Amino acid sequence: MMRGRQLSPTPFSLWKVHSYMSNDMASGRQQSSSPSSSTNFPTDEELDFLHKHCEIIDATKFYRSTPGTLKLPPTRIQLRNLDKLPKASLDVNVGRIFDIFIRHMLQQEGGNLETTRYWLNLAHPGYRKNDGFWISHKTYKMADGHTLMNTIADQVQSNDALGLDETMSLTMRIFKQDIHGKGDRTPDKILRKFGVKQNYVKGDGYCLLKALVIGKHWSDKNTASTANEAAFFDSKYVRLTRSDRSERGRAIYQEEEALELMEDVGMDVDVVDHTLEDLEILADHLSNYHITVWTMEPGVAFPTVIFDENQQADGFISLYHHDEHFDFFHPTVECVRARFCFKCGTLAKKNHYKKCTALCKRCGFSECERGTERIYCSECNIHFSSRKCFDQHLKKKSTRADPHCKTWEKCRKCHKIYQTSGSAHICFTKRFCKICMTKYGNGLHMCSHAKPSDAAKKRALKKQENWTFLIYDFECQVTKAVDYKNGVYGMKHLPNLLCYRMICNKCMGGNCDTCERGNFSYMNGGRVVERFTEFLITSPKLQNAYILAHNGGRYDHVLSMEQMLKEELYDQKFLLSGTTILSASVKVDKKNTLTFRDSVKYLQMSLDQLPKAFNLETKSKGTFPYMFNHPDRHHTVLPHHPPAEYYEPNRMGIKKREEFLKWYDEVKDREFDFDKEILAYCQTDVDILTEAIVKFIETCNQTNASKWNPIIQCPTLPSFLMFIMTHEHIADGDVGYIPENGWPGRNNSVFALKYILWLERKKPWLKLRHKLRRGGEYRANCAKSSFYVDGYNEETNEVFEIHGCLWHGCPKCFPNSDAQCPRDRETTMGERYDRTLCREERLRSAGYTVHAIWECEIKEMLRRDPEMNEFFKKCRHTHALRPREAMYGGRTQQFQSIYIANDEYDIEYYDFCSEYPKVNMKGGEYPRGTPQITTSDFAPIVDGQPLPYKGLIYCDTLPPRDCALPVLPHRGNGKLLFPLCSTCASTKNPPPKCPHTNVSDRYLTGVWCHDELNLAISEGYTILRYHEVWDWPAEAWFRG
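Counted from 1, the sequence shown has number 692 at position 677 by our numbering; the numbering is strictly sequential.
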């Protein structure tokens, strides 16, 4: 509806506009056309075009974020004068703007269009993913501005409103490989990150080569095969690093060996500075050593890898790079998060001692002999192949560990070796299911989620017996400019005030001796974040406390944890949603773990809405001119309030802006004391959040008998609701485990499945068990071995095998039996053929009748049989039902990409309230438990009648010829469509009117729920055939 004047920025879509086709096919979005990339930097004419149609609101310069990376901070842009764009489509013009921008940035920073790699991120609040759209580590030749447009077209959905406003922002990184090593003193705090007290490398120059020779001797010492070899390499390592020798002496020895290495490689010994490019040459020469280089990036608490070569080598050399200096370190410090195991030659992670492949599984020692003996141990019922292995399995590896003989045992019934310290062994079971918490054997395992045990409930209740919350809020300087410049930020947010308040389970927000309130600010010492994090770590009142902030996961906690983890190493665990911190725990010491929570994940509204929602004592959040927050304004007192633009009313919603303007008219002439106003504003925010959290906990306590505390038990409101359901209401068997891609099974050849289906079609009496039938593939037992077979007839004991020519070594297609198999270089085609014949013979010896056919024979049948060939082309039933395919999302249709309001028409926005609460509270049905799976002998199809099933249906359906608003969703060309013809939907440029008349050309194949299909039937759709049905019986359904 359009009347009057424009009310808000025009939301638009950055892809081509296509009209809605209601005759035989509903429309979908198509990918943007991609004009050819430029080979030159932008011309003056192109730059004029960029500046005319694109305003960079808060332009900043690139800065060096790492030794090899230049970064452009988030830069807000606004497209303008779109009505004056050339006649080309909107997506092409916008793509051209981005394209010129990318080339211009590469030119400014000294890159090129051929080899310089970059990252680019386009973000907008209207897009559903917080991290926006990405071009990752590409050159301009590989990805240009039009590539970004196609990325948007591929990912955008109906609920994404990419507005033409200044909230659209670009971030860019340009990678420049100029990491040098000159040799210098590394700061102590960096050394601590790598677990060293001082530099190993001494002297000026050749630091990369010196670090390599030190690491080489250290690696050789650890991989030596004899004690004498180890002692020899240890002496060479000590010669270069011993602390009782002068630094000058060590520098001389290191330089001698560095020059010797350079001569061996053929490098110029007069060059003293070296880069990662030189290291690539050195890594080729030192091919027996796995070389890894770490660095400390600014603002990152843990080292990151910048070079990693020769991963399969036996030796290992670990280096770090900082401030143009390479050095060696032992990779045995926790912050590097990787220890090198010289026994198995891999970078080891946590609990590697349990998984190290060099350890003997019988005795648990790496120094073990494999012989031909057969020595029996009556205690553990295990046989050993050598006397050394037998003796070692009786020994303890440490004073605290039991010998393998006491911890492992072989079952005398099922002959499985199991760990005695675990749960009780049950014979003939394969795995322990963490869903239903039981063990299960072979075959399909369908189960339901187990409810929490009584012991788990007691542990959860004990967690909330005593607790302390700290609620805080930051106020930050967000602009470098003293005077207002239309929303110019251009800087990293700098906290200059923090207010906090404690509450505990005893006082619940009242006054007690334990809890306190306070602040850190520019008024009492500055260093706000540093002092706050130090307070969190050292205060005895905050032992195992929960730290809360509103929207903290995207703002306050980011600032706090960045500082907390910058200087010291703490164990931490993050739960993220994209780049948002849902929850984080930081283990300060063995007895103190701080847990960070985001209150907005429980109270999903803005802070100024909380007083009204919870009827709080503090009624108003207040208003503060945050663009006025600048050091030059501190300690100032004005006779009037700052100008209205410092409050940025243009960023407020319509209602809030009206309220603000009314309030501002009342107070604008009153005195404004900056220090008092900012402190009161921040304290009020903390008080509101504290009162709301207390009310929220009290409300939750009234809804369940156990009085579960949502903040302690769960990081979000939805997870707390699920927690309440599982701990208070759901019984065993209620919540079935439904894998999103169906129950697991083996991979199968689509070609073979089509042939099996063809056999069933030509011989309706043939009842075969195969991948697409209940029970899945049949496993034929043959003496001491067993095989999965493609098809099996239980009535006649017949086995049907379809042999792929390449995989099974067809002698007709591959007459050279000595040729290597392309899929398995370890075997020849002749060996694979012999294995196939041996397999068939074993099946026949076990009593099976075997029908085998080769892939090439089927292809010859297809060539001669048109009916069979047509069946193979149009057969879509090539996999089992996948529940994920039934989740299509919403639907949308744009009729015009952009419209300019005028005197006759305005632009208004309407939205529907979410349907989910209505479905949940007023009649929506949910099934309990697991479904009954039907793959054959379906109920008869009656045209025009509702389905006899309730659940998920994998079927073929024929849409009507004419339906203005099609019902069933369908995916075609990567897009969600609502078509009336599957062939048109899969065509990139379909005709305006569907020309297809055959049912085989038009019908849709997919997975839908019974409600969708019943609505479709009422609109004229026809069910042609079922492929698979997941049906829940009537008694399994309940209404919300």
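Idealized CB from N, CA, C, for every residue including glycine. The structure presented is a predicted model; accordingly, all values stated were derived computationally and were not measured.
Does the beta-carbon of residue i have 16 or more other beta-carbons within 10 angstroms, so that it is buried, or is it exposed?
| i | result |
| --- | --- |
| L736 | exposed |
| F589 | exposed |
| V216 | buried |
| T130 | exposed |
| P942 | buried |
| R612 | buried |
| R263 | exposed |
| S463 | buried |
| V652 | exposed |
| R8 | Residue 8 lies beyond the range of the chain shown here (16 to 1055); nothing can be said about it. |
| T414 | exposed |
| E394 | exposed |
| H430 | exposed |
| G43 | Per-residue confidence for G43 stands at a pLDDT of 39, beneath the threshold of 50, marking its modelled position as unreliable; the derived number appears in the next sentence. With 16 or more other Cβ atoms within 10 Å, it is buried. |
| R859 | exposed |
| H289 | buried |
| Q717 | exposed |
How big is the Cα-Cα spacing for residue i and residue j?
| i | j | result |
| --- | --- | --- |
| F331 | C375 | 23 Å |
| E382 | K411 | 14 Å |
| I229 | Y252 | 6 Å |
| D690 | N644 | 10 Å |
| C404 | I441 | 28 Å |
| M876 | L962 | 38 Å |
| H337 | M311 | 7 Å |
| T842 | D406 | 38 Å |
| S997 | Q93 | 40 Å |
| E660 | I753 | 54 Å |
| L29 | K786 | Here the model assigns L29 a pLDDT of 37, short of 50, so the residue's position is not dependable, and the following value carries that caveat. Spanning the two alpha carbons is a distance of roughly 43 Å. |
| Q46 | A158 | Residue confidence is low: Q46 scores 43 on pLDDT, short of 50, so the model does not pin down where it sits. Its coordinate-derived value is still stated next. Approximately 15 Å between the Cα atoms of the pair. |
| E271 | S250 | 16 Å |
| D498 | P658 | 10 Å |
| N108 | T54 | 18 Å |
| N325 | I296 | 12 Å |
| L255 | T319 | 27 Å |
Helix, strand or coil: which one does DSSP assign to residue i?
| i | result |
| --- | --- |
| A861 | coil |
| R265 | helix |
| Y487 | strand |
| C451 | coil |
| D1016 | helix |
| F380 | coil |
| V544 | helix |
| L896 | coil |
| D342 | strand |
| I913 | coil |
| S47 | Any reading at S47 must be qualified, since the residue scores a pLDDT of 42, below 50, and its modelled position is unreliable; the value itself is stated next. Of the three classes helix, strand and coil, the one that applies to S47 here is coil, per DSSP. |
| K472 | helix |
Are the CB atoms of residue j and residue i within a distance shorter than 8 Å?
| i | j | result |
| --- | --- | --- |
| I71 | L121 | no |
| E490 | C697 | yes |
| G806 | S764 | no |
| L485 | I562 | yes |
| D647 | D571 | no |
| P725 | Y617 | yes |
| L509 | Q492 | yes |
| L609 | V601 | yes |
| H119 | M183 | no |
| S801 | R794 | yes |
| I708 | S614 | yes |
| K636 | T705 | no |
| T949 | E1043 | yes |
| S1001 | N988 | yes |
| H985 | L1028 | no |
Sequence ranges, beta strand (DSSP E) only - wholly within the segment 605 to 652, length at least 3
Whole beta strand (DSSP E) segments, 3+ residues: 607 to 613.
List in chain order: all unbroken alpha helix (DSSP H) runs of 4+ residues lying wholly within the segment 741 to 805.
765 to 777
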